[in-house]
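Numbering (UniProt numbering), first residue to last: 1 to 680.
Presented below is the structure to which this report refers.
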């Protein structure tokens, strides 16, 4: 019975195709990474749906998905064990190889929506900055302190300062190493924040000189524009700017920003206060730097969260004032829980919940924040995650910054992925990309594409969320036009600038797939693993996805499957025949042994069976008579045993009934055999 059930189970597997398991897909991927017959993902299925299940993609996007998948597989195989986004050290080890890959070059051209978490002083191109500093026009205006730890550009007061030429070598590579996190710093420093703060303190005074800041900002905007960004929001503190003649007012500073925004790339400013400062100091910053201007759209608290005041401490002063003037865009949940003990030295008097990781992100919700930057804490706190999903408050995830600063080294397990499964809105943005060595800005988007196993529709959905999270309305139609242009460029030309052929087979597969589903285009499953064999999407395990009309368990009409089905049927029939044959043989042997041990004549039905083998009816009669004879023999033996025991107890001779029963049955069997021989 067990064998039969096993055979039936195997036949069910041949009849119904449920798709590959994750492990089978992974083995197939390693065997042939360029195979188009499946789509292998490393993330759970709920993320698939929430991150892009309702995105409609067209035939060109399906073709682009196939091309990008091939290139991603090629990169991962080339990297081998060196996964680029598993840790800071692995990133710096593989950075050059990633940037030279074909798929990364494709991603540089991709439209990326809005960059929403950029600190103006740390978001530019520090390679360009180092080269500019050693140029003749700026080298003579560069000053530094005696240790070379703070740089100034054309300072008004040069007391206790020295010409850079007296302290620093005129070497762009040397200067760049002073202002960009190096590979050795990323994993050898006991506290990456110390390295980061040293860089910020070294360069922050350079940007008080407005001509230099304008040049730097112009280069920053061009870089992000060329990387496919449509809009930026830059965190910055207004005031204290000057030029070669006089100090600039905030209004004059804003006018310069407005001109750059109109001429190169649209951007807005977010005023920042230092969370380490007192409540009155931050309130003063908000009151003086939140003018009535369209260039300023929000207020934020910055600096290391683990060692700073909580949002609760600032809520009744600066944050209360700022929320009436502009939107609140707060850093929150950028915390390493194992190091939270450092927070007790600041703000413990005001915040009894100083050790609660999600306290700041929950307080941001209470204050009505438009969005929260980082929000790692919500990814580790179920209550906070549900609260963000319910309130539809946007989170801005900064994967590369979190990795380099060791809040979440391995981006494959980044808490930001949980915003997908919770269906909470979120966007991806750079954060301090210049100082942390994660330029070009494409790395943040590319990191989640590789680490989270996204497909093209999911990536598009995440990028479009940046428009929802922005503080001003943005033109989504422009993004769509750029996106379609990029998608077309992926499938139109390859490295040899030859046109890729959209074959008749491809067209047939797309049309056939379109007929199977009411909504033509990609389909996503809530359960199992998404697979795209020849552009046709199927759900594993027969699950009905959002766009499915029925469970995806289709009968296979292929010749191979029909042949295998026939083999299974033959095996089942053969098994039944063998079962009956060996049962008959066993019954015969048992009957012979029984009759030899008693007073019954020995019956050998083998010869009779041989003589009557041509008659099927004779065979079955013979079989059932043997069964009957066996039952009679068992009864005789049992009766004889009982009689013997009774005779010993009563000393009376009792005649066993076996002497009467057995001969009659034996004569009956002999008559049946003679009758069968006569028939034959």
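Built from N, CA and C at the ideal position, the CB exists for glycine as well.
This structure is a prediction, so every number in the text was calculated from the model and none was measured.
Range of the contiguous beta strand (DSSP E) that encloses residue 327 = For the purposes of this step, residue 327 is taken as the residue at position 327 of the chain shown. That run of the beta strand (DSSP E) goes 327 to 332.
What is the rounded straight-line gap between the Cα of residue 441 and the Cα of residue 309?
-> As a first step, residue 441 is located in the chain shown; it is residue number 441 there, counting from the start. As a first step, residue 309 is located in the chain shown; it is residue number 309 there, counting from the start. C-alpha separation (whole angstroms): 30 angstroms.
| said: Please list the terminal residues of the continuous beta strand (DSSP E) segment that includes residue 256. | reply: Position 256 of the chain shown, counting from 1, holds the residue named residue 256. Note, residue 256: premise wrong, no beta strand (DSSP E); alpha helix (DSSP H) at 250 to 263.
*What are the start and end residues of the beta strand (DSSP E) that includes residue 297?*
Taking the chain shown and counting its residues from 1, the one referred to as residue 297 is at position 297. Run containing residue 297: 296 to 302, per the beta strand (DSSP E) assignment.
message: Let me check understanding here. Comparing Cα to Cα, which of 168, 406, 71 and 113 lies closest to residue 476?
response: For this step, residue 476 is matched to residue 476 along the chain shown. The option with the nearest alpha carbon to residue 476 is 113.
> Taking C-beta to C-beta, are residue 329 and residue 468 nearer than 9 angstroms?
Replying inline: Position 329 of the chain shown, counted from the first residue, corresponds to residue 329. Position 468 of the chain shown, counted from the first residue, corresponds to residue 468. The answer is no: Cβ separation not under 9 angstroms.
* Considering only C-alpha positions, which residue in the set 237, 77, 161 and 335 is nearest to residue 213? -> Indexing the chain shown from 1 puts residue 213 at position 213. The shortest C-alpha separation from residue 213 is found at 237.
Just mark residue 332 as buried or exposed, buried being the case when its beta carbon has 16 or more other beta carbons within 10 Å. Start at 1 with the first residue of the chain shown, and residue 332 comes out as number 332. Answer is buried; the Cβ neighbour count reaches 16.
Neighbourhood of residue 285 by C-beta, 6 angstroms cutoff - its chain only, sequence neighbours within 5 removed
By 1-based counting over the chain shown, the position of residue 285 is 285. Same-chain partners within the cutoff: 273.
- Task: Work out the CA separation of residue 99 and residue 241 for me, nearest whole Å.
- Result: Walking along the chain shown from the start, residue 241 turns up at place 241. Walking along the chain shown from the start, residue 99 turns up at place 99. About 37 angstroms.
*Of the listed residues 365, 93, 90 and 278, nearest to residue 391 (C-alpha basis)*: In the chain shown, residue 391 corresponds to position 391, counting from 1. Closest by alpha carbon: 365.
* Asked: Taking the continuous beta strand (DSSP E) assigned at residue 81, which residues delimit it?
  -> To locate residue 81, count along the chain shown from 1; it is residue 81. Looking at the DSSP string, residue 81 is not in any beta strand (DSSP E), and its letter there is neither H nor E.
- Query: Which residue's Cα is closest to the Cα of residue 423: 429, 490, 377 and 465?
  - Reply: Here the question's residue 423 lines up with position 423 in the chain shown. Comparing Cα-Cα distances from residue 423 to each of 429, 490, 377 and 465, the minimum goes to 465.
Report task. Answer with buried or exposed for residue 199, where buried requires no fewer than 16 other C-beta atoms within 10 angstroms of its C-beta. Result -> Reading the chain shown from its first residue, position 199 is the one you call residue 199. Result: buried.
Just to confirm my understanding: we take residue 161, look at its own chain, exclude 5 residues before and 5 after, and list those with CB closer than 8 angstroms. What are they?
Position 161 of the chain shown, counted from the first residue, corresponds to residue 161. Answer for residue 161: 143, 144, 145, 152 and 155, listed in chain order.
- Item | Length at least 4, wholly inside the stretch 202 to 231: the alpha helix (DSSP H) runs in chain order | 210 to 226
- request: Have a look at residue 121 and residue 59 and give me their C-alpha separation to the nearest angstrom.
  value: Mapped onto the chain shown, residue 121 falls at position 121. Mapped onto the chain shown, residue 59 falls at position 59. Roughly 42 angstroms separates the two Cα atoms.
Please work out which residues of its chain come closer than 8 angstroms, Cβ to Cβ, to residue 253, disregarding the five sequence neighbours upstream and downstream, and give them in chain order. Indexing the chain shown from 1 puts residue 253 at position 253. If we look at residue 253 and ignore the five residues flanking it on each side, its Cβ neighbours are 210, 238, 239 and 241.
On a CA-only basis, which of 429, 420 and 279 is nearest residue 458? Give me that one, please.
By one-based count along the chain shown, residue 458 stands at place 458. Of 429, 420 and 279, the residue nearest in Cα terms is 420.
Exercise. Between residue 588 and the ligand ZN, is the CB less than 8 angstroms from at least one heavy atom?
Worked result: Absent from the structure shown: the ligand ZN. Ligands present: none.
Cβ-based burial, residue 201 [other Cβ within 10 Å; buried from 16]: Stepping through the chain shown from its first residue, residue 201 is reached at position 201. It is exposed - the Cβ of residue 201 has fewer than 16 other Cβ atoms within 10 Å.
Using a Cβ-Cβ distance cut-off of 9 angstroms, determine whether residue 194 contacts chain B. Judged by its chain identifiers, the structure shown contains no chain B, having just a single protein chain.
Q) Can the beta-carbon of residue 118 be found less than 9 angstroms from the beta-carbon of residue 323? A) Counting from 1 along the chain shown, the entry for residue 118 is found at position 118. Counting from 1 along the chain shown, the entry for residue 323 is found at position 323. No, these two residues do not count as a Cβ contact at 9 angstroms.
Cβ shell of residue 444 (< 6 angstroms), same chain only, five flanking positions each side left out = For this step, residue 444 is matched to residue 444 along the chain shown. 399, 400, 428 and 430.
For this session: Check the DSSP bridge columns for residue 397 and list the partner residues they point to.
Result: In the chain shown, residue 397 corresponds to position 397, counting from 1. Answer is 428.
> beta strand (DSSP E) containing residue 274: first to last residue?
Replying inline: Indexing the chain shown from 1 puts residue 274 at position 274. Residues 267 to 274.
Q) To which residues of the same chain is residue 83 closer than 7 angstroms at the C-beta, ignoring the five residues directly before and after it? A) In the chain shown, residue 83 corresponds to position 83, counting from 1. Around residue 83: 90.
Please return the same chain residues whose Cβ sits closer than 8 angstroms to the Cβ of residue 217, not counting the five positions on each side in sequence.
Start at 1 with the first residue of the chain shown, and residue 217 comes out as number 217. Result list for residue 217: 120, 124, 257 and 260, in chain order.
(Q) Looking at the strands, I want to know which residues DSSP matches up with residue 118. (A) On the chain shown, position 118 is the one that residue 118 refers to. DSSP output for residue 118 lists 234 as bridge partner(s).
Residue 407, buried or exposed, once every other Cβ within 10 Å from all chains shown has been counted against 16: Numbered from 1 along the chain shown, position 407 holds the residue referred to as residue 407. With 16 or more Cβ atoms within 10 Å of its Cβ, residue 407 is classed as buried.
Original post:
From residue 149 to residue 461, what does the alpha carbon distance come to, in whole angstroms?
Top reply: Against the chain shown, residue 149 aligns to sequence position 149. Against the chain shown, residue 461 aligns to sequence position 461. Looking at the two C-alpha atoms, the distance is approximately 43 angstroms.
Using 10 angstroms around the beta-carbon of residue 480, count the other beta-carbons present and answer buried if the total reaches 16, otherwise exposed.
To locate residue 480, count along the chain shown from 1; it is residue 480. By the 10 Å Cβ count, residue 480 comes out exposed.
Relative to the C-alpha of residue 403, which residue among 203, 453 and 447 is closest? Along the chain shown, read from residue 1 onward, the residue named residue 403 stands at position 403. Among 203, 453 and 447, the Cα nearest to that of residue 403 is on 447.
Can you tell me which of 315, 303 and 487 puts its alpha carbon nearest to the alpha carbon of residue 283? For the purposes of this step, residue 283 is taken as the residue at position 283 of the chain shown. Among 315, 303 and 487, the Cα nearest to that of residue 283 belongs to 315.
| query | Excluding five sequence neighbours on each side, which residues of the same chain lie with their C-beta closer than 7 angstroms to the C-beta of residue 573? | reply | Working through the chain shown from its first residue, we reach residue 573 at position 573. So no residue of the chain qualifies.
Exercise. How would you label residue 78, buried or exposed, when you count the other beta carbons within 10 angstroms and need 16 or more for buried?
Worked result: As a first step, residue 78 must be located in the chain shown, where it is residue number 78. Exposed.
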